[in-house]
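Line order of the protein sequences matches chains A, B and C.
Plus 96 on top of the position in the first sequence (first one is 1) and you've got this note's numbering.
Plus 4 on top of the position in the second sequence (first one is 1) and you've got this note's numbering.
Plus 211 on top of the position in the third sequence (first one is 1) and you've got this note's numbering.
The block underneath contains the structure these notes are about, expressed in structure tokens.
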Amino acid sequence: MATTRILEWFGRIYIWLLLAFLYLPIIIMALMSFNVSPFYQLPFEWTTEWYASLWQNDQLISATWNSVKIAVITTVICTVLGTAASLALYRYEFRGKKFLQALLFPPIAIPWLITGTAMLIFFFGVGIGRGLFAILLGHVALALPYVIVVVSARLQTLAPELEEAARSLGANQWQVTSRVTLPWIMPGVIAGGLFAFAVSFDQFVVSYFLSTPGQTTLPVEIYAAIRKGFTPEINAVSTIIIVISMALMLLTARFFKFGGEK
Amino acid sequence: MRMPKPTAFLTSIAVFASALTLAAKADEVHVLNWKGYGADEPWAIAAFEKATGNKVVNDFFNSEQEMLTKLRTNPGLYDVVMINAAFNDQAMAEKLIQPIDVSKIPNYADISPDKSGSPMLARDGKVYGVPWVWGLTALAINEKSFETPPTSITEMWNEARKGRVVIRDDAVEAVQFGAIATGQNINDIKDMEAVKAKLTSLMPQIKTFWSSENDWNQMVASNQIDIGTYWSGSADRAKTHFKLPVSLVIPQEGAVAWLDAFSIPVGSKNVAGAEAFINYMIDPSFYVEWVTKVGAPVSANTKAVAALPEDAFNRKVMGDPAVAKRIQFQAPITDAQREAYLALWQELKVNVK
Amino acid sequence: MAGQVATGSRSGLRSALPLLLPAYLWLTVAIFLPLSAMVFFSFMTELPLSGKAWAFTLENYAAFFSQGLYWTLLLASLRLGLEVTLWCVVIGYPAAYVLAKVLKGRSREAIFLLVILPFWSNGLVRIFSWAMVLREGGILDTALNAVLPFKINIDLMYSYPAVIIGLVHSYVPYMVLTCYLTLQAIDDSLIEAGRSLGASRLQMLRRVIIPLSMPGLVAGAALIFVPVVGSFMEPRILGGRTGTFYGTVIEDQFIAVFNWPLGAALSFILLAVVLIILAVASPVLRRAA
Numbered sequence: 097m098a099t100t101r102i103l104e105w106f107g108r109i110y111i112w113l114l115l116a117f118l119y120l121p122i123i124i125m126a127l128m129s130f131n132v133s134p135f136y137q138l139p140f141e142w143t144t145e146w147y148a149s150l151w152q153n154d155q156l157i158s159a160t161w162n163s164v165k166i167a168v169i170t171t172v173i174c175t176v177l178g179t180a181a182s183l184a185l186y187r188y189e190f191r192g193k194k195f196l197q198a199l200l201f202p203p204i205a206i207p208w209l210i211t212g213t214a215m216l217i218f219f220f221g222v223g224i225g226r227g228l229f230a231i232l233l234g235h236v237a238l239a240l241p242y243v244i245v246v247v248s249a250r251l252q253t254l255a256p257e258l259e260e261a262a263r264s265l266g267a268n269q270w271q272v273t274s275r276v277t278l279p280w281i282m283p284g285v286i287a288g289g290l291f292a293f294a295v296s297f298d299q300f301v302v303s304y305f306l307s308t309p310g311q312t313t314l315p316v317e318i319y320a321a322i323r324k325g326f327t328p329e330i331n332a333v334s335t336i337i338i339v340i341s342m343a344l345m346l347l348t349a350r351f352f353k354f355g356g357e358k
Numbered sequence: 005m006r007m008p009k010p011t012a013f014l015t016s017i018a019v020f021a022s023a024l025t026l027a028a029k030a031d032e033v034h035v036l037n038w039k040g041y042g043a044d045e046p047w048a049i050a051a052f053e054k055a056t057g058n059k060v061v062n063d064f065f066n067s068e069q070e071m072l073t074k075l076r077t078n079p080g081l082y083d084v085v086m087i088n089a090a091f092n093d094q095a096m097a098e099k100l101i102q103p104i105d106v107s108k109i110p111n112y113a114d115i116s117p118d119k120s121g122s123p124m125l126a127r128d129g130k131v132y133g134v135p136w137v138w139g140l141t142a143l144a145i146n147e148k149s150f151e152t153p154p155t156s157i158t159e160m161w162n163e164a165r166k167g168r169v170v171i172r173d174d175a176v177e178a179v180q181f182g183a184i185a186t187g188q189n190i191n192d193i194k195d196m197e198a199v200k201a202k203l204t205s206l207m208p209q210i211k212t213f214w215s216s217e218n219d220w221n222q223m224v225a226s227n228q229i230d231i232g233t234y235w236s237g238s239a240d241r242a243k244t245h246f247k248l249p250v251s252l253v254i255p256q257e258g259a260v261a262w263l264d265a266f267s268i269p270v271g272s273k274n275v276a277g278a279e280a281f282i283n284y285m286i287d288p289s290f291y292v293e294w295v296t297k298v299g300a301p302v303s304a305n306t307k308a309v310a311a312l313p314e315d316a317f318n319r320k321v322m323g324d325p326a327v328a329k330r331i332q333f334q335a336p337i338t339d340a341q342r343e344a345y346l347a348l349w350q351e352l353k354v355n356v357k
Numbered sequence: 212m213a214g215q216v217a218t219g220s221r222s223g224l225r226s227a228l229p230l231l232l233p234a235y236l237w238l239t240v241a242i243f244l245p246l247s248a249m250v251f252f253s254f255m256t257e258l259p260l261s262g263k264a265w266a267f268t269l270e271n272y273a274a275f276f277s278q279g280l281y282w283t284l285l286l287a288s289l290r291l292g293l294e295v296t297l298w299c300v301v302i303g304y305p306a307a308y309v310l311a312k313v314l315k316g317r318s319r320e321a322i323f324l325l326v327i328l329p330f331w332s333n334g335l336v337r338i339f340s341w342a343m344v345l346r347e348g349g350i351l352d353t354a355l356n357a358v359l360p361f362k363i364n365i366d367l368m369y370s371y372p373a374v375i376i377g378l379v380h381s382y383v384p385y386m387v388l389t390c391y392l393t394l395q396a397i398d399d400s401l402i403e404a405g406r407s408l409g410a411s412r413l414q415m416l417r418r419v420i421i422p423l424s425m426p427g428l429v430a431g432a433a434l435i436f437v438p439v440v441g442s443f444m445e446p447r448i449l450g451g452r453t454g455t456f457y458g459t460v461i462e463d464q465f466i467a468v469f470n471w472p473l474g475a476a477l478s479f480i481l482l483a484v485v486l487i488i489l490a491v492a493s494p495v496l497r498r499a500a
């Protein structure tokens, strides 16, 4: 079918155009990490000075590490708790279910500024205080709704008869979940995890309120730097992060299949 | 995806959390200030730590309101806080800061009397703030766009500059700027309608609102703007340190002046360290190095300013008696005033759309 | 469409509880309780923190209704949210379709991840990079003038389109992701069967593919619309003079004047409006499918 071929080619070209749009600012960010001017001034003059000075910037490096650690832990907790909750919302009918589903939206809808302030006051009031643990608490709570919404969207494509059939064949609840349900929703769980990572890793407002001197995350450092004394070291560290994550992701894609191929 | 065992998982969180829990140690000086504002310069911290044996831990704020919130929600954490003199009164009233024993700060004696005698920094004969530096919110120009620098604030309204003017996104600053443009006292604005009309006519001129030094410098580096409100210290830093084509203009109509001072929060665990730090911050040797290496506002310490080269901006321009006559220092603002200013500013911003 | 069919009936809650509890407990401690404190504040005249006397009041909510300014801004923000969501659907849905149905094998996984990755970069740094592209004499301007035979002036920076571009860039991966999840689940044989029965491509799209992928579209739209309505960073930096929206006004109340009660009241009004819109829109969307 010739038309199908042509449409498929259009599709491929379209995807590459979308990638070009998505990567345009990323490429500029990376280029500016090699530019002499700290104000993104052109013409472009090559330097690796910002990478050299980044190496000396302990504060930025430790903030980056904190961000990575918190994002990874957040991702793990959120995918586990979020998937469990989505399963419950998918499988069971009970009173107040609609309410529980609606409750997922306040954390997304209320500007993070307000949520962050609210957390600061509340954590301060109950003695949790500030610091990395408080940040982790906050990040998980912010990312959880995203995971539940995403996993639930995928679960809705799972025909309930499939679980029923497995049950009628004598599989217990755990077997049904691990052999039938989880493999089917895996792309959703992975996507949820990617969301959770993104929400945590780029989360600045809540981290900002909950961080203490020395216990900050990368976005907080970046924001503070933009106020005064911005340097392309920030572009440098962002570039390194993107390159490393890209390598990790492509490796994952090479060795681990998760697209839900049928 | 493999799920980790719950116990191992919880332990790892607990370990992670406890390893990073924060505790203020006795020989640490916790400083709360703007980022990139002198007190966090690595060379300065190193010199201070070497001289006194105290370790400096910096924390930052992005607005005065946030600074107050940080003090309210972290009693006992900070030893030194940098407060704009116009906010000192509020911090004092809320009992966030304590009286300072200036006899423990040898450099205090050299502070210019008009700064140390500021009524904003004392109450009941006790000193609550040690003046550090002062500066102006005046105009700055892109040198590439002007043959001769303008002398009047009206240049902001010049039709030829349309779409190449910037102003800071700050209600109080905008209203006070409007007061100067209409020939009023910034601390006692009688004719608010005039200010509003003046700012309304400014809006179509504006390219964008800036909020940080970095915004300004980026826009001038890419030649997107001609003129705008700017801080004196930042303009000097842009010119001398970053080599950008920026120069400060103190318009004949006047400019807004501010005074920054150090205070010691209530509950500080290291008052001696705090005093030593404040003393170091107003020391001429620190100041000269700060100006030379980074660019800074004007020190409140007369000896520090005198230690600068004769033609230094902070000595020649800012020390000019003619300048002193036309600047107006910001006085405290009540919450009601601040909200009224914000309402006006928001209305202007919405109507311009 | 595979809906949620009651399996547990009466014992539903008891079975659901162990799975629900950890997530909702966490949400309660870290979000719902703190936000309840905020609800409480929104009815106060003053913050109890600053040691001043305070009383209960409805004034903060009344302020929204008495001042046209807030209405105007809320409408502007809703419009912004709608436009960004529509652009994300228009751009993201076809991409998700290509990913799910055209690309096969390893390359699909790789490209899927490449779509998500930009989203891990820092939002502020991304916005700054956009400024370089969009401004006069920036990359877009220079590139177009190098290609085109005539001279044009492109200065999109500090304008409404700049805000849209920045927000669409930030949020389009959400749409690609959620649509991909439901599109990928559609059985290829179903599409082939439909085609062999003589259905045209458009008919298949309208009758089969869009309805089956609706949960993903709805989820994506909600995840985009909701935060965009309250956004303040992108409008402020990219919108310049025209970048005042409902979110920036809330930010001002919190940061500039420290009027948390009013800021909180404004955000809860926003929340109510957004929830009503979601409640009305999602069944309509589902039925339309």
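Even for Gly, the Cβ is constructed at its ideal location relative to N, Cα and C.
Everything numeric in this text was worked out from a predicted model, so none of it was measured.
- LEU310 (chain C) and ALA320 (chain A) have their alpha carbons spaced roughly 39 Å apart.
- Per DSSP, ASP63 (chain B) is one residue of the beta strand (DSSP E) stretching across 59 to 64.
- Around the C-beta of ARG447 (chain C), 16 or more other C-beta atoms lie within 10 Å, and the residue is accordingly described as buried.
- HIS245 (chain B) sits in coil when the DSSP states are folded into three classes, being neither helix nor strand.
- In terms of Cβ geometry, LEU206 (chain B) and TRP235 (chain B) do not form a close pair [threshold 8 Å].
- When DSSP states are grouped into helix, strand and coil, ALA311 (chain B) belongs to the coil group.
- For the C-beta of GLN414 (chain C), not a single chain A residue is nearer than 8 Å; the gap to the nearest is close to 15 Å.
- Residue state for ASP192 (chain B) is assigned as strand, using DSSP reduced to three classes.
- In chain C, no part has a C-beta under 7 Å from the C-beta of PHE91 (chain B); the shortest such distance is about 11 Å.
- With a threshold of 8 Å between beta carbons, VAL356 (chain B) makes contact with chain C.
- About 6 Å separates the beta carbon of GLU147 (chain B) from that of SER251 (chain B), a gap short enough to meet the 8 Å contact definition.
- Minimum Cα-Cα distance from GLU217 (chain B) among the listed residues B:ARG172, B:GLN228, B:MET196 corresponds to B:ARG172.
- If you check the CB distance, PHE281 (chain B) and VAL106 (chain B) do not come in under 8 Å.
- By the beta-carbon neighbour count (other beta carbons within 10 angstroms, threshold 16), GLY80 (chain B) is exposed.
- Neighbourhood of ARG350 (chain A) in chain C, by CB distance below 9 Å: ARG317, GLU320, ALA321, in chain order.
- Under the DSSP definition of a beta bridge, ASP230 (chain B) lacks any partner.
- For LYS99 (chain B), there is no enclosing beta strand (DSSP E), as DSSP marks it with neither H nor E.
- Contact annotation: in the region 335 to 346 of chain A, residues whose CB is within less than 8 Å of a CB in chain C are ILE337, ILE338, SER341, MET342, MET345, LEU346.
- Boundaries cannot be given for ALA311 (chain C), as no beta strand (DSSP E) includes it and DSSP labels it neither H nor E.
- Residue contact check for ASN331 (chain A) against chain C: a CB pair falls below 8 Å.
- For ASP315 (chain B), the closest of B:THR296, B:TYR345, B:ALA201 by C-alpha to C-alpha distance is B:THR296.
- Every alpha helix (DSSP H) of 4 residues or more that sits fully in the region 363 to 415 of chain C is shown, in chain order, as 371 to 395, 399 to 407, 412 to 415.
- For the region 463 to 492 of chain C, there is no continuous alpha helix (DSSP H) assignment of 4+ residues that stays within its boundaries.
- Between GLY258 (chain B) and LYS211 (chain B) the beta-carbon gap is near 24 Å, outside 8 Å, which marks them as no contact.
- Separation of LEU388 (chain C) and ARG226 (chain A) (C-alpha to C-alpha, rounded to the nearest whole angstrom) is 33 Å.
- For PHE201 (chain A), the residues of chain C that pass the 9 Å Cβ criterion are ALA433, VAL437, LEU482, VAL485, LEU486, LEU489, in the order they occur in the chain.
- Within chain B, GLN222, ALA225, SER226 have C-beta atoms less than 8 Å from the C-beta of TYR136 (chain A), given in sequence order.
- Assigned with DSSP and collapsed to three states, GLY284 (chain A) falls in helix.
- Against chain C, a Cβ distance below 8 Å from PHE293 (chain A) picks out TRP331.
- Rounded to whole angstroms, the gap between the alpha carbons of GLY107 (chain A) and THR158 (chain B) is 56 Å.
- Short of 6 Å from the beta carbon of ALA432 (chain C), and not among the five residues preceding or following it, lie these beta carbons of its own chain, in chain order: THR296.
- Annotation: the continuous beta strand (DSSP E) that includes GLY139 (chain B) extends over 134 to 146.
- The Cβ neighbour count for PRO372 (chain C), taken over all protein chains shown within 10 Å, is under 16; the residue is labelled exposed.
- The shortest CA-to-CA distance from ILE466 (chain C) to any of B:ALA144, B:GLU343, B:ALA50 is the one to B:GLU343.
- Under the DSSP assignment, ARG172 (chain B) falls in the beta strand (DSSP E) whose first and last residues are 169 to 172.
- The Cβ-Cβ distance between SER332 (chain C) and SER334 (chain A) falls below 8 Å.
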